[in-house]
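Heads up, the thing below is written out as C-alpha cells.
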C-alpha cells in the first residue's frame, strides 16, 4: 500500500462474540484507527462503537464503504456472508481481512480470491493459531535444524471445555469440530510441515446434544515426507483442562520437539534436552485461559499492517488459505467415503 508515515483507517464489519478481541488488538496498534463499525444489529454495532470510541456506526456494509475512506476492512461475520462482503470490498478497491472459516465452500473461497486478485487488493484470512507465540517457538526450533530432518508430527487439541455456552450455534450445525477448530490445527500442520498430498480422516459425535462431530482424527501425508496426525476433541475430559492449548510433537532424524501442556517447549538432540517456558503474554485486556488466542489476534493484525505498508502478501493470504480450506473439505470427504483424499483434486 506504501503509505508509511500515515495512520491507517480501518472499519470492522461484524460485532459479535469474537470481534471484541479484534477491536482490542487494533487499539493496541499505534498507527491504526478504526473509524467505523458495522453490524446488521444496529444496537450491537452501537455498543461496540461506544466501548471503543468509534465515531461512526452502520448497519449496512455497502453504505459504509460508499461513505468512508478506508485503508482496510476487518470482516468478522459468519462464513455465509464472507463472499458477498469480500467481493464488495474488492469492488471498492479496499483490502480486506476475513475471519475464518474463509467460506462454507471452496468455490466461494476461490471466487473471493479471484475477485481480490482482479481488483489488485490484498486479502488475508484471520487464521491466527499459527501466530500463537508458543507455536511460533516450536516452529523456530524446527526451522533451526537442530533435530534434523523431520519425519513425524502431531498437532493435538483435546478438551471438554463448554464452548457451546458462549457460542450456542456451534451445537446446531451439521459440521462442527473440523470446520470450527480442526481448521486451525490443519493450518498449523501445513505451517510446520508444508503442503499436503493426502488426507485420511475419521470423525465421531460423542455428545448427543449436538448435531455435528465433536471428535476428529486426521492423518496427513505431506509433500516434504512428513506424516502428521491432527487430532481434535471437545469430548475429552482430562485431570487438568488444557483449553485452549494446542500441543505439538515433532520427531526428527536427530531429535524431537515437544510443546506440552503449560506452554513447556522441550527440544531433545544428541547433545541433551533443553526446556523453556514459552507462555503467551497476558495482555492488559486479555483473560485466562483465552490469552494465548488473544495474543495471536494482536500478532496477526500487526502482520497485516506490516504487509499493507510494505505491499507484501500476508502469510495467511486468501490464496494460501485455499490450501487449508481444501484440507477441511478433504477430511470430511475422507470420513464420509472411508478413503484417503488428495486435496488438490477438490
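In the working numbering, the protein residues as written are 5 to 350. All C-beta atoms in this analysis are idealised placements derived from N, C-alpha and C, irrespective of residue type, glycine included.
Subject >> Backbone CA spacing between residue 188 and residue 133 [nearest angstrom] >> reply: 6 Å
Original post:
Whose C-beta lies closer than 6 Å to the C-beta of residue 289 among residues of the same chain, with five residues either side of it excluded?
Top reply: 28
Subject >> Straight-line gap, residue 23 to residue 110 (C-alpha atoms, nearest Å) >> reply: 24 Å
**OP:** Evaluate residue 74 with the Cβ neighbour count: other Cβ atoms within 10 Å of its Cβ, from every protein chain shown; 16 or more gives buried, anything less gives exposed.
**Re:** buried
Original post:
How would you call residue 210, buried or exposed, if buried means at least 16 neighbouring beta carbons within 10 angstroms?
Top reply: The residue in question, residue 210, is exposed, as its Cβ has fewer than 16 Cβ neighbours within 10 Å.
Subject >> Every unbroken beta strand (DSSP E) inside the region 146 to 217 [3 residues or more] >> reply: 154 to 162, 200 to 208
Original post:
If you drop the 5 nearest sequence neighbours on each side, which residues of the same chain put their C-beta closer than 8 Å to that of residue 48?
Top reply: 19, 20
**OP:** Counting only the same chain and skipping the five closest in sequence on each side, list residues whose C-beta sits under 8 Å from that of residue 273.
**Re:** 150, 151, 258, 259
Subject >> Whether residue 269 touches residue 280 by CB criterion (8 Å) >> reply: yes
Original post:
The alpha helix (DSSP H) spanning residue 298 covers which residue range?
Top reply: 295 to 314
Original post:
Would residue 120 pass as a contact of residue 322 if the rule is Cβ separation under 8 Å?
Top reply: yes
Original post:
Ordered along the chain, which non-local residues of its own chain (more than five positions away) have a Cβ less than 7 Å from that of residue 146?
Top reply: Cβ within range, chain order: 154, 196, 254, 261.
Original post:
Taking 8 Å as the CB-CB cut-off, is residue 349 touching chain B?
Top reply: The structure shown contains no chain B; it holds only a single protein chain.
Original post:
Should residue 64 go down as buried or exposed, given a rule of 16 or more other Cβ atoms within 10 Å for buried?
Top reply: Exposed, because fewer than 16 other Cβ atoms sit within 10 Å of the Cβ of residue 64.
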